[in-house]
Amino acid sequence: AQKVTQAQTEISVVEKEDVTLDCVYETRDTTYYLFWYKQPPSGELVFLIRRNSFDEQNEISGRYSWNFQKSTSSFNFTITASQVVDSAVYFCALFTGGFKTIFGAGTRLFVKA
Amino acid sequence: EAGVAQSPRYKIIEKRQSVAFWCNPISGHATLYWYQQILGQGPKLLIQFQNNGVVDDSQLPKDRFSAERLKGVDSTLKIQPAKLEDSAVYLCASSLEPGQGAIAEAFFGQGTRLTVV
Chain C
1 AQKVTQAQTE
11 ISVVEKEDVT
21 LDCVYETRDT
31 TYYLFWYKQP
41 PSGELVFLIR
51 RNSFDEQNEI
61 SGRYSWNFQK
71 STSSFNFTIT
81 ASQVVDSAVY
91 FCALFTGGFK
101 TIFGAGTRLF
111 VKA
Chain R
1001 EAGVAQSPRY
1011 KIIEKRQSVA
1021 FWCNPISGHA
1031 TLYWYQQILG
1041 QGPKLLIQFQ
1051 NNGVVDDSQL
1061 PKDRFSAERL
1071 KGVDSTLKIQ
1081 PAKLEDSAVY
1091 LCASSLEPGQ
1101 GAIAEAFFGQ
1111 GTRLTVV
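Order-wise, the sequence lines are chains C and R.
Counting from 1, one number per residue, gives the positions in the first sequence under this note's numbering.
Counting from 1001, one number per residue, gives the positions in the second sequence under this note's numbering.
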């Protein structure tokens, strides 16, 4: 079975704090892709990153970084020095063979000034 | 570059009525998706088109939902008759046709918020 679990329903931090959003996935496929999307109050999902199952290199993009660990089936997302504009719902998603895309339930992040 | 366009943004209907949503994907994107997002949940794929053809509609409630993609471009999603549990945001997304061994990210529209009363 394919599954994406985002155990943190809501996180609240104060501006400039670092925050990590957890994502754990399940799949029997050996080839798959993992995504993170941001959903601001406007509603559309904004693509943040894609990672394929053969590339375990961590990635940093500005204040964002991602830690992919196949051994623990996790693809965690860290925001460094959070800002109020980071407040949104963040979704982790799994794409597998058979054209299946499965989203987690999302983590709502509140960043307070 | 223009994004994915959806209309209407909001719709309120009574149960048992019909409703249709429209989506215009990004130009050149062969793949089009319709997702249903119930409040507090992640998006759930309803149907995926590759050009004109349906790739996956396994989670589409076919007794009441239908979708078509005209000439491989615009798409409409229809619900007939609507039920209270259909209240959700309906998101349309599009992506480039997957290349060899690569999956393109999907670009999403702002969605249509449907309320069934």
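The beta-carbon is built from N, C-alpha and C at its ideal position, and this holds for glycine as well.
All values reported here derive from a predicted model rather than from experimental measurement.
Item to check | Assigned secondary structure, G1072(R) (DSSP; H/G/I helix, E/B strand, else coil) | outcome: Reading the second sequence from its first residue, position 72 is the one you call residue 1072(R). If DSSP states are grouped into helix, strand and coil, G1072(R) belongs with the helices.
Next on the checklist: Counting beta carbon pairs with one atom in the segment 97–106 of chain C and one in the segment 58–78 of chain C, are three or more of them shorter than 8 Å?
Outcome noted: no
Checklist entry - Can a CB atom of chain R be found closer than 8 Å to the CB of L94(C)? => result The residue labelled residue 94(C) in the question sits at position 94 within the first sequence. Closer than 8 Å: no.
Checklist entry - In whole angstroms, what separates the C-alpha of A1002(R) from that of F1107(R)? => result Translated into the one-based positions of the second sequence, residue 1002(R) becomes position 2. Translated into the one-based positions of the second sequence, residue 1107(R) becomes position 107. When rounded, the distance between both Cα atoms is 11 Å.
Checklist entry - Under three-state DSSP, which class holds V85(C)? => result Working through the first sequence from its first residue, we reach residue 85(C) at position 85. Reduced to three states, the DSSP call for V85(C) is helix.
Next on the checklist: Taking its Cβ as the centre, do 16 or more other Cβ atoms sit within 10 Å of G984(R), making it buried, or is it exposed?
Outcome noted: With chain R covering 1001 to 1117 only, the question about residue 984(R) has no answer from this structure.
Next on the checklist: Alpha carbons only, please: which of A1030(R), K1011(R), S1027(R) and K1044(R) is nearest the one belonging to F1021(R)?
Outcome noted: If you number the second sequence from 1, residue 1021(R) lands on position 21. With distances taken between Cα atoms, F1021(R) lies closest to K1011(R).
Checklist entry - By Cβ distance below 6 Å, which residues in the same chain neighbour S1075(R) in space, the five residues on each side in sequence not counted? => result Sequence index remark: in the second sequence, residue 1075(R) carries index 75 (1-based). Only C1023, L1032 and R1069 meet the Cβ criterion.
Item to check | With 16 other Cβ atoms within 10 Å as the buried cut-off, status of F54(C) | outcome: If you number the first sequence from 1, residue 54(C) lands on position 54. It is exposed - the Cβ of F54(C) has fewer than 16 other Cβ atoms within 10 Å.
Checklist entry - Bridge partners of S65(C), per DSSP? => result Indexing the first sequence from 1 puts residue 65(C) at position 65. According to DSSP, S65(C) bridges with I60(C) and T78(C).
Checklist entry - How about T101(C): is its C-beta nearer than 8 Å to some C-beta of chain R? => result For the purposes of this step, residue 101(C) is taken as residue 101 along the first sequence, with counting starting at 1. Yes, contact with chain R.
Checklist entry - Taking only beta-carbon atoms, is F1108(R) less than 8 Å away from chain C? => result By 1-based counting over the second sequence, the position of residue 1108(R) is 108. It does: the Cβ of F1108(R) has a partner Cβ on chain C nearer than 8 Å.
Item to check | Y1035(R) versus H1029(R) - alpha carbon distance | outcome: Reading the second sequence from its first residue, position 35 is the one you call residue 1035(R). Reading the second sequence from its first residue, position 29 is the one you call residue 1029(R). Y1035(R) and H1029(R): Cα-Cα distance of roughly 17 Å.
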